[in-house]
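Those protein sequence lines, which keep their order, are chains A and B.
Heads up: the first sequence runs through residues 7 to 115, numbered per the numbering used here.
Heads up: the second sequence runs through residues 7 to 115, numbered per the numbering used here.
A virtual CB, placed ideally from N, CA and C, is assigned to each residue, including glycine.
Protein chains: 2
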Amino acid sequence: MEHVDLDTVNKVKPKMPDTTLLYELSDFFKLMGDSTRIQLLWALEENEMCVGELALLLNMTKSAVSHQLKALRSAKLVKAQKRGKNVFYALSDHHVRTVLEMALEHVAE
Amino acid sequence: MEHVDLDTVNKVKPKMPDTTLLYELSDFFKLMGDSTRIQLLWALEENEMCVGELALLLNMTKSAVSHQLKALRSAKLVKAQKRGKNVFYALSDHHVRTVLEMALEHVAE
DNA sequence: TTGACAGTTGAACAGTTGTTCAACTATAAT
DNA sequence: ATTATAGTTGAACAACTGTTCAACTGTCAA
């Protein structure tokens, strides 16, 4: 006795994303799934800023901000540029704005 | 001696999202940031399916699948319908497809 | 009613994550 | 050279997350 429709399962199976794509996707969303990192991206969409400014804006320690910026940097979402004693961060990809707007549309319903 | 541009910070501050929106956004991304849940959404985009079919498709226990479906259900991303002994799940919102496609575009570069 | 199957639930466990802290490097000013 | 500031780093800690397991509910068939 079998209650599972094997045809459906076998029809859908080949349409599933391969492992690599799957993990790239979930890693991307994982990165966006933290309020601190969203705030950093949101802020950098307005203006490039240095670590101290971002820390002041978010009312956090420079260390905490730096750790999160590192995560965003290794995902190539932001880029860093050293000028004098400061390190200025900027969005490296305006794709981020689109994704944020898409999510906003979903959340604001 | 001050190396932080207060004007920049004060200019950006009012543009930041309020706390509620911020957490709604990060909660949404958190939900998408798991490969199991992405697979479930991806699969349900092709066909509504019951828990057993989804478990077979993803090669997971029904319990694990059920737990994740519950998370997706409380976020209103999927809806459940009981028919006989089975519970069939379907996407409740085709907005999800758009967000996934947006993220795909970002990842595939 | 009894048995079998579909699905749900909560506790427990291991693995992961974000912030803090202290130590560190690097740049600039005196 | 010395001092102060900007930022980075790694270890440690607590909080959170996803899967497993076992016990449970509900539905159908005999």
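Three-state secondary structure assigned by DSSP to B:Leu83: Correct three-state label for B:Leu83: coil.
Beta-carbon separation (whole angstroms), B:Val105 vs A:Met108, contact threshold 8 Å: Yes, B:Val105 and A:Met108 are in contact; Cβ-Cβ is about 5 Å, under 8 Å.
Exposure of A:Lys19, with buried meaning 16 or more beta-carbon neighbours within 10 Å: A:Lys19 should be labelled exposed.
Residue environment, A:Arg103, which counts as buried when at least 16 other CB atoms sit within 10 Å: Answer is exposed; the Cβ neighbour count stays below 16.
Chain-ordered neighbours of B:His9 on chain A, where CB pairs are closer than 7 Å: Within chain A, the residues near B:His9 are Gly58, Lys91 and Asn92.
Classification of A:Arg43 by the beta-carbon crowding that lies within 10 angstroms, buried from 16 upward: With 16 or more other CB atoms across the displayed protein chains lying within 10 angstroms of its CB, A:Arg43 is buried.
Boundaries of the alpha helix (DSSP H) in which A:Val102 is found, first to last residue: A:Val102 -> alpha helix (DSSP H) spans His101 to Val113.
A:Phe96 - partner residues in DSSP beta bridges: Note that residue 96 of chain A is Ala in the sequence shown, not Phe. BP columns for A:Ala96 point to A:Lys85.
Residue-level contact to chain A via CB, B:Thr14, 8 Å cutoff: Using a CB distance cut-off of 8 Å, B:Thr14 counts as an interface residue toward chain A.
Straight-line Cα distance separating B:Leu75 from A:Val57: Those two C-alpha atoms are separated by around 39 Å.
Contacts of A:Ser32 in chain B (Cβ-Cβ under 7 Å): Near A:Ser32 (Cβ distances below 7 Å), the residues of chain B are Gly39, Asp40, Ser41 and Ile44.
Touch test, the region 38-52 of chain A against the region 25-44 of chain B, Cβ-Cβ under 8 Å, three pairs minimum: In this structure the region 38-52 of chain A lies against the region 25-44 of chain B, because at least three pairs of beta carbons, one per stretch, are closer than 8 Å.
Where B:His101 meets chain A, residues with beta-carbon distance less than 9 Å: Below the 9 Å Cβ cutoff, chain A contributes Met108, Glu111, His112 and Glu115 as neighbours of B:His101, in chain order.
Residues of its chain near A:Val93, where Cβ-Cβ distance is below 8 Å and the 5 sequence neighbours each way are ignored: Taking A:Val93 as the centre and dropping the five residues before and after it, the same chain places the C-beta of Cys56, Val57, Ala86 and Gln87 closer than 8 Å to its C-beta, in chain order.
Rounded straight-line distance, which links the Cα of A:Met66 to that of B:Leu97: Rounded to the nearest angstrom, the two C-alpha atoms are 38 Å apart.
Within chain B, partners of A:Thr104 - CB distance below 9 Å: Within chain B, the residues near A:Thr104 are Met108, Glu111 and His112.
Per-residue contacts from A:Tyr29 into chain B (C-beta, under 8 Å): The contacting residues are Ser41.
Contact set between A:Lys88 and chain B, taken where Cβ atoms lie within less than 7 Å: Neighbours of A:Lys88 in chain B, taken as residues at a C-beta separation under 7 Å, are lacking, since the least C-beta distance is about 13 Å.
Three-way DSSP call (helix, strand, coil) for B:Met55 in this model: B:Met55: strand per DSSP, three-state reduction.
Contacting residues, own chain, Cβ-Cβ under 7 Å from B:Lys68 (five flanking each side not counted): Only residues of its own chain outside the window of five on either side were considered, and among them Val57, Gly58 and Ala61 have a CB closer than 7 Å to the CB of B:Lys68, listed in chain order.
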